[in-house]
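Protein chains in written order, with the working numbering: chain A, 602 to 1111; chain B, 398 to 506.
What follows is the structure, encoded as structure tokens:
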């Protein structure tokens, strides 16, 4: 059975106040250097919602501009006047902070999120008008509490404040008195991940044109961990998201693997569908508050806006073969093994060239590669370069070493076989998967025949291993011929001969 | 530079003496190389890690600089660094490293 890509959803949430209050660059600075110039300057560099929407890479993320069109826009993109101002796109939406705070409250099922009643009253209609929000979610929105109560929670009850335009409008309470895994900080981070995940998954289901009841399994591949002191990463984000999204027939579980997790999860989801275990599986991930404003110091120093003010979310719907949609070819899988070094050449060989070689393919047999799709407009000012461009050059240079390309091809390879990056620096979000929506469309339109998606992850961050990690898979056009995996006459003869040989060997042994 | 790496560099400098330590970088571009080189010489420019305000002045090179390349067995270098050499902007990296070294290194002859 082929596992096809039925649809994908990509959404962003603009969270300017969370940059200031929850991004780790800022929270660390407040501990280490509370009177710093950076913290004083930071609020002057925050973008409005309209500015964040009218930003080319964000418009690419929600599908209003293609990677090819984005590549034609001169950099730096943050200096360009962007005529695209629609918060909705064909892949998803850019949700403003006020709607998101209400959605966070709706996603909290333990009465941990308390919002100021006036704030709720002012923005409830806006959330209800959001095209993915239905009555079941609106029914979860509470009326809110007096402003004094919110202040009391933050000042005396260890709650994490929720702010909008610099004003305290709500709080996330701690879920336990002494368990740090259920502290207000952790609960805030996890509820944000869950709520942004809901935005992504509802968009994907809408785009795939399936009923919510069709989803049988959901796999979350974000980077947070939920659990208590007895099981810190016990889970299960996936099922909690499915509950809010109304996926009544779904179960689910979480997969973790740093930035490589989405690629791992795509392979596992495709395998579940291909094996016939579940007919429809959704791979999904929410965003991460810790990474907001991660490169803020460099952006402020260079008098740029804080470009890392977006939470990223995505979801991909995989279903049994419909004969039309592109599918994940499980015969062409790359994986970085324990025995592989972390050198770029070995990593690239393991992830790109070995799976191709195994299938008798050359580097140019893949029409498009997607990996490290970070928005370089964010990273270049911080000395982070252009990871997407760098990655495609490494693929090309490895191909030169293998004799598959000429050295002169290195310069042209990235534009021809790669793409520019547009994803926010949200860890797991940029690693290959943002291309799936565009790849599905381009394959359906016959513009390309296949795409290799590569996810890479730095495991050392967890201090459990110094090993590198990554996996890759290929999405390709569906020929509508089903499995094409009949057994040939030759193979039948071979099988009979093998059985007879074994039978004869058994007789001799006796 | 990663805070953990800053801590390790600081510890090595204390353990072996800063004049005996050479830091070898493998960063993928000029500015990142410069930032790392500045961290182990003048101190952490981001004021976040253990090397904040600590001017170790260590000798620091990028693996793609000609002085370092000359120290390697040619075949080993080609196998280990040759592919990345084709990809990196070596001139940019060398310029960046030179300027940091001439300004902050304390132990170059």
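Yeah, the Cβ is synthetic: ideal placement off N, Cα and C, and Gly gets one too.
Which residues DSSP lists as bridging residue i, in chain order
| i | result |
| --- | --- |
| residue 936(A) | 1072(A) |
| residue 606(A) | 919(A) |
| residue 458(B) | 421(B) |
| residue 413(B) | Its beta-bridge partners do not exist; DSSP assigns none. |
| residue 694(A) | 689(A) |
| residue 613(A) | 695(A), 913(A) |
| residue 883(A) | 819(A), 918(A) |
Within-8 Å CB hit, residue i to chain B
| i | result |
| --- | --- |
| residue 1011(A) | yes |
| residue 995(A) | yes |
| residue 679(A) | no |
| residue 1031(A) | no |
| residue 901(A) | no |
| residue 984(A) | yes |
| residue 938(A) | no |
| residue 1067(A) | no |
| residue 757(A) | no |
| residue 945(A) | yes |
| residue 625(A) | no |
| residue 892(A) | no |
| residue 998(A) | yes |
| residue 898(A) | yes |
| residue 660(A) | no |
| residue 991(A) | yes |
| residue 960(A) | no |
Other residues of its chain near residue i: CB distance less than 7 Å, five sequence neighbours each side excluded
| i | result |
| --- | --- |
| residue 682(A) | none |
| residue 668(A) | 661, 1020, 1021, 1023, 1039 |
| residue 659(A) | 613, 653, 695, 911 |
| residue 711(A) | 776 |
| residue 622(A) | 762, 764 |
| residue 466(B) | 474 |
| residue 858(A) | 865, 1058, 1070 |
| residue 700(A) | 724, 727, 728, 731 |
| residue 785(A) | 759, 760, 761, 773, 774, 775 |
Proximity test, residue i beta-carbon vs the ligand HEM heavy atom, cut-off 7 Å
| i | result |
| --- | --- |
| residue 468(B) | This structure simply doesn't include the ligand HEM, nor any ligand for that matter. |
Host beta strand (DSSP E) of residue i (start-end)
| i | result |
| --- | --- |
| residue 918(A) | 911 to 921 |
| residue 1051(A) | 1051 to 1059 |
| residue 444(B) | No beta strand (DSSP E) holds residue 444(B); DSSP gives it neither H nor E. |
| residue 420(B) | 419 to 422 |
| residue 709(A) | Counting along the chain, residue 709(A) falls outside any beta strand (DSSP E), and DSSP gives it neither H nor E. |
| residue 772(A) | 768 to 773 |
| residue 854(A) | 852 to 855 |
| residue 819(A) | 818 to 821 |
CB-CB length for residue i against residue j, believed under 8 Å
| i | j | result |
| --- | --- | --- |
| residue 925(A) | residue 1081(A) | 7 Å |
| residue 929(A) | residue 609(A) | No, residue 929(A) and residue 609(A) are not in contact; Cβ-Cβ is about 13 Å, not under 8 Å. |
| residue 617(A) | residue 648(A) | 7 Å |
| residue 887(A) | residue 797(A) | 4 Å |
| residue 485(B) | residue 425(B) | 6 Å |
| residue 1055(A) | residue 972(A) | 4 Å |
| residue 421(B) | residue 438(B) | That belief does not hold up - the Cβ atoms of residue 421(B) and residue 438(B) are roughly 14 Å apart, past 8 Å. |
| residue 1001(A) | residue 945(A) | About 13 Å; that fails the 8 Å criterion. |
| residue 400(B) | residue 446(B) | 4 Å |
| residue 935(A) | residue 1073(A) | 4 Å |
| residue 1061(A) | residue 611(A) | Their Cβ separation, rounded to whole angstroms, is 29 Å, which puts residue 1061(A) and residue 611(A) out of contact at 8 Å. |
Minimum Cβ-Cβ distance from residue i to chain A less than 8 Å
| i | result |
| --- | --- |
| residue 477(B) | yes |
| residue 436(B) | no |
| residue 429(B) | yes |
| residue 432(B) | yes |
| residue 471(B) | no |
| residue 444(B) | yes |
| residue 480(B) | yes |
| residue 426(B) | yes |
Own chain, CB closer than 8 Å to residue i, minus 5 neighbours either side, in chain order
| i | result |
| --- | --- |
| residue 579(A) | The question about residue 579(A) has no answer, for chain A in this structure spans 602 to 1111. |
| residue 856(A) | 820, 821, 822, 862, 865, 866, 869 |
| residue 1016(A) | 672 |
| residue 849(A) | 813, 814 |
Extent of the continuous alpha helix (DSSP H) to which residue i belongs
| i | result |
| --- | --- |
| residue 954(A) | First-last for residue 954(A): undefined, no H or E at that position. |
| residue 762(A) | Per DSSP, residue 762(A) belongs to no alpha helix (DSSP H); it is in the beta strand (DSSP E), 761 to 765. |
| residue 534(B) | In the structure displayed, chain B extends from 398 to 506; residue 534(B) sits before or after that span and is not available. |
| residue 715(A) | Element bounds for residue 715(A): not the alpha helix (DSSP H) but the beta strand (DSSP E), 714 to 716. |
| residue 841(A) | 838 to 846 |
| residue 1097(A) | 1090 to 1110 |
| residue 970(A) | Premise fails: residue 970(A) lies in the beta strand (DSSP E), 969 to 971, not in any alpha helix (DSSP H). |
| residue 656(A) | It is not in any alpha helix (DSSP H) - residue 656(A) carries neither H nor E in the DSSP assignment. |
Cβ-based neighbour list, residue i, same chain, cut-off 6 Å, excluding 5 preceding and 5 following
| i | result |
| --- | --- |
| residue 1037(A) | 609, 917 |
| residue 1031(A) | 974, 975, 1024 |
Neighbour flag for residue i against chain E, beta carbons, 8 Å
| i | result |
| --- | --- |
| residue 484(B) | Included in the structure are the protein chains A and B, with no chain E among them. |
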